[in-house]
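The structure appears below as structure tokens.
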Amino acid sequence: MKRFVVSLTVLLSLNVMYAQDITLPAPNKEGGKPLMEVFNNRRSTREMSDKPLSQQTLSDLLWAAAGVNRPDGRRTAPSAMNMQEIDIYVYTPKAVYLYIPQEHILRHLLTGDFRAEIARQPFAQKAPVVLLYVANYERMTRLDQQQKDFYGATDTGFISQNVYLFCAQEGLNTVVLGMIDREAAKSRLGFDGKAQLGQPVAYPKQD
Ligand SMILES: Cc1cc2nc3c(=O)[nH]c(=O)nc-3n(C[C@H](O)[C@H](O)[C@H](O)COP(=O)(O)O)c2cc1C
Numbered sequence: 068m069k070r071f072v073v074s075l076t077v078l079l080s081l082n083v084m085y086a087q088d089i090t091l092p093a094p095n096k097e098g099g100k101p102l103m104e105v106f107n108n109r110r111s112t113r114e115m116s117d118k119p120l121s122q123q124t125l126s127d128l129l130w131a132a133a134g135v136n137r138p139d140g141r142r143t144a145p146s147a148m149n150m151q152e153i154d155i156y157v158y159t160p161k162a163v164y165l166y167i168p169q170e171h172i173l174r175h176l177l178t179g180d181f182r183a184e185i186a187r188q189p190f191a192q193k194a195p196v197v198l199l200y201v202a203n204y205e206r207m208t209r210l211d212q213q214q215k216d217f218y219g220a221t222d223t224g225f226i227s228q229n230v231y232l233f234c235a236q237e238g239l240n241t242v243v244l245g246m247i248d249r250e251a252a253k254s255r256l257g258f259d260g261k262a263q264l265g266q267p268v269a270y271p272k273q274d
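The opening position of the sequence shown corresponds to residue 68 in the working numbering, with each subsequent residue numbered one higher.
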């Protein structure tokens, strides 16, 4: 009985640990490589190590992707009519989070590894972070479906390119994925919107 209680306590505390929001460290907004060098390094790379990203790197990555960069709440990526409708879900080996740019935190949504559910290609399922870009229809109510599709796609592209450039300057590997399971993501996360693209981010494999 005592052993059962101890195991239960350990399990519950682990769950509490995993089931927490993450307050990201402040992003590093200075330095980095010259922009032209970064353009020269930008590429799709499918070799992914499973080495975790530090919280600082994750913070910088998400801020670069679509963080708030002005006092009025505007972001590093443009969005049509400033709708800011693209949500970034962050899949890790232990949990799925939603990035909240205004607070620069990760809101815990699910405990568990669901990377393989969205990323169809095996190389991406090992990445320590798989980003999923979702057009949130609750912020697009004024638009018809064709406009939702168009702006959802264009605005995702800007964010994905920010991630590509951040990876190019940090020496991380990434590739944007159209080949994702949109229905699985929607039924797992229950959003009102459309999953657009995925994007794993990882260190290169060490030989
Ligand atoms: C909208 C879009 C969807 C893509 N989907 C995939 C994908 O599902 N899987 C993949 O391995 N690469 C995917 N790619 C990456 C392209 O294959 C890659 O960008 C192209 O080969 C050019 O290589 P580069 O990015 O290194 O210039 C996609 C790229 C774009 C722009």
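Ideal Cβ positions, reconstructed from N, Cα and C, are used throughout, including at glycine.
All values derive from a computational prediction rather than experimental measurement.
Top-ranked residue by Cα proximity to leucine 129, from Pro94, Gln212 and Gln263: With respect to the C-alpha of leucine 129, the residue from Pro94, Gln212 and Gln263 having the closest C-alpha is Pro94.
Straight-line Cα distance separating proline 160 from glutamine 228: 24 Å
CA nearest to the CA of tyrosine 156, picked from Ala186, Tyr166, Ala162 and Ala147: Tyr166
With 16 other Cβ atoms within 10 Å as the buried cut-off, status of tyrosine 270: buried
Opposing strand residues paired with glutamine 266 [DSSP bridges]: Leu198
Residues near valine 108 by beta carbon distance below 6 Å, same chain, minus five either side: It should be noted that the sequence gives asparagine, not valine, for residue 108. Closer than 6 Å at the Cβ level, and outside the excluded window around asparagine 108, lie Ala235.
Alpha helix (DSSP H) segment containing alanine 251, residue limits: 249-256
Any non-hydrogen atom of ligand 1 closer than 8 Å to isoleucine 247 Cβ: Result yes, Cβ under 8 Å from ligand 1.
Distance, glutamine 273 Cα to histidine 171 Cα: 31 Å
Burial state of methionine 246 (16 or more Cβ within 10 Å): exposed
Rounded separation between alanine 162 and valine 105 - CA only: 31 Å
Cα-Cα separation between valine 243 and glutamine 169, rounded to whole angstroms: 25 Å
Cβ neighbour criterion (16 or more within 10 Å) applied to phenylalanine 181: buried
Helix, strand or coil at lysine 215 according to DSSP, with G and I counted as helix: helix
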